[in-house]
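Numbering (my numbering), first residue to last: 51 to 471.
Below is one structure; the comments refer to it alone.
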RNA sequence: GUGGCUAUGGUGAAGCGGUCAACACGGCGGAUUGUGGCUCCGUUAUUCGAGGGUUCGAAUCCCUCUAGUCACCCCA
């Protein structure tokens, strides 16, 4: 117990942290290219924010939040996603008073209490992007391209972009009642889950994997045919923009997002070899969210990318960059007097930003050389009695095996010229 | 939250009721006195995810729990 991380959490060890840094730096690069700026919000927020923002009836809020009471009696959840928090910060700091749109991104941990699986953890990490204030659809296309370009820049292939429009408060109710009319007489034949979806969120029935439900849904009316004029025009224009940019996409009328705040554009990027957790990126427009959170009516759109899933996909496609630690100099002292000399040398070199290390295990020279070659270190400075007496160091090139006795004072210059090559 | 499968050292794994828990890799140490990457030698699990039970005897059988994994649910 004491030596096990809590269920659904993972330690990132030194042999993999380099992969994370790689992916995160790619995310930052892309955001810079697209003009998005980083925002960092707290890992916990007030419960009300997510109740309002995500929706009280959603699974995320109903059964997946890590909520605790703090010592002041406040109900505090660890954030299950970050869009609501970004909107909160947008309002709290009156970012709307600055030149709009607000183009923001974040990278960080999210928390959902769920049964862990590969690609689904209780603490997981998202890279998310939000563009607030523009009604689109140009910014919709921009955001989607950003996501696609990010994933492509990592070399990922076999990605599929799915696109849909979920309408707006004008047209969605019509579609909803149309759906309910469609399913009304089929109700007894639907599965248990779908019967409860009928009232709560009939659009979810379309998504059901039960054979019976899928068959019943064969001739279901599609939302694209029920969009109001504005939503239809928006959706059309978005498709035109994506085509103009040469981005391949697939319309998926059954694509429904799980969070209440989505309107109009909904999209998802899938990498199917990941199995059940194949959604690498999910996003959409949330034109009602900011008002819902107490601001002026303001449109917004964003997405989140699951970094664990991206890493899994990269691993599957053998696209993880090699991580090669290296060291310019390893100091190998042979006795206590030499340790002091070596320590001084190493300290000085480190101040000059030369990467170096020395023995702290009291090992034999043989063992020290072995260690240095595994590191791998480019040079080893062997320091024994003779060297200490003469203020010199036996500098050994680990690649060639050559070694020369040189003045300690010259080590730095020697290393610098060697590193030039 | 529901169902299936799994659980032996740092890693990959043998063992399937009865002497010291194979083997490989890795780690550490060594092969004459201050020299690595090859080779050779030694060493590295009083213990088999945890806790109960059955038995003269259990890593091996049973139960509970924990964790991983796959699928559902949902989502990134």
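Cβ atoms here follow ideal geometry from the backbone N, Cα and C, with glycine treated the same way.
What's the call for residue 262, buried or exposed, on a 16-neighbour Cβ count within 10 Å? By the 10 Å Cβ count, residue 262 comes out exposed.
Could you tell me the alpha carbon to alpha carbon distance between residue 411 and residue 307, rounded to whole angstroms? 56 Å
Nearest candidate by alpha-carbon position, reference residue 277, set 223, 413, 199, 173: 223
Give the DSSP-derived three-state secondary structure of residue 121 in the structure shown. Residue state, collapsed to three classes: coil.
How should residue 318 be labelled, buried or exposed, when 16 other C-beta atoms within 10 angstroms of its C-beta is the threshold for buried? Label assigned to residue 318: buried.
Kindly indicate which three-state DSSP category residue 457 falls into: helix, strand or coil? It is a strand residue.
For the beta strand (DSSP E) that residue 210 lies in, which residues bound it at each end? For residue 210, the enclosing beta strand (DSSP E) has its first and last residue at 209-215.
Once you ignore the five residues that flank residue 239 on each side, which residues in its own chain have a CB closer than 7 Å to its CB? Excluding sequence neighbours, residue 239 sits near 262, 266.
Under 8 Å by Cβ, that's how I've got residue 342 and residue 129 pegged, so tell me the actual separation to the nearest angstrom. With 8 Å as the limit, residue 342 and residue 129 do not qualify as a contact, their Cβ atoms being about 17 Å apart.
Pick from 372, 400, 414 that is closest to residue 383, judged by C-alpha positions: Looking at the Cα atoms, 414 is the closest of the given residues.
Among 422, 334, 385, 388, whose alpha-carbon lies nearest the alpha-carbon of residue 377? Closest by alpha carbon: 422.
Quick one: residues in its chain with C-beta nearer than 8 Å to the C-beta of residue 526, no 5 flanking neighbours on either side, listed in chain order? Since the first residue shown for the chain is 51 and the last is 471, residue 526 is missing from the structure and cannot be characterised.
Local conformation of residue 88 per DSSP, three classes: strand
Would you mind giving the Cβ-Cβ distance between residue 281 and residue 241, rounded to the nearest angstrom? I have them listed as a contact below 8 Å. Not quite, the Cβ-Cβ distance comes to about 30 Å (not below 8 Å), so this is no contact.
Residues in its own chain within less than 7 Å of residue 221 by CB, not counting five upstream and five downstream? 276, 277, 278, 281
Contact between the stretch 69-79 and the stretch 353-364 is defined here as three or more beta-carbon pairs at a separation below 8 Å; is this criterion met? Flag = yes, the stretch 69-79 and the stretch 353-364 touch.
Which term fits residue 79, buried or exposed, when burial requires 16 or more other beta carbons within 10 angstroms of its beta carbon? Label assigned to residue 79: exposed.
Residue range of the unbroken alpha helix (DSSP H) whose run includes residue 428: Premise fails: residue 428 lies in the beta strand (DSSP E), 427-433, not in any alpha helix (DSSP H).
Express the C-alpha separation of residue 387 and residue 434 in angstroms, rounding to a whole number. 8 Å
To which residues of the same chain is residue 86 closer than 7 Å at the C-beta, ignoring the five residues directly before and after it? 153, 154, 155, 179
How is residue 335 classed by DSSP in three states: helix, strand or coil? strand
Is it buried or exposed for residue 300, if we count other Cβ within 10 angstroms and need 16 for buried? exposed
Taking the C-alpha atoms as reference points, what is the distance between residue 462 and residue 175? Taking the straight line from one Cα to the other gives about 42 Å.
Here's the rule: buried if 16 or more other CB atoms are within 10 angstroms of the residue's CB, otherwise exposed. What is residue 151? buried
Does the separation of the CB atoms of residue 327 and residue 169 fall below 9 Å? yes
Run the CB neighbour count on residue 284, radius 10 Å, all protein chains shown included, and call it buried at 16 or more, exposed below. buried
Cβ-based burial, residue 424 [other Cβ within 10 Å; buried from 16]: exposed
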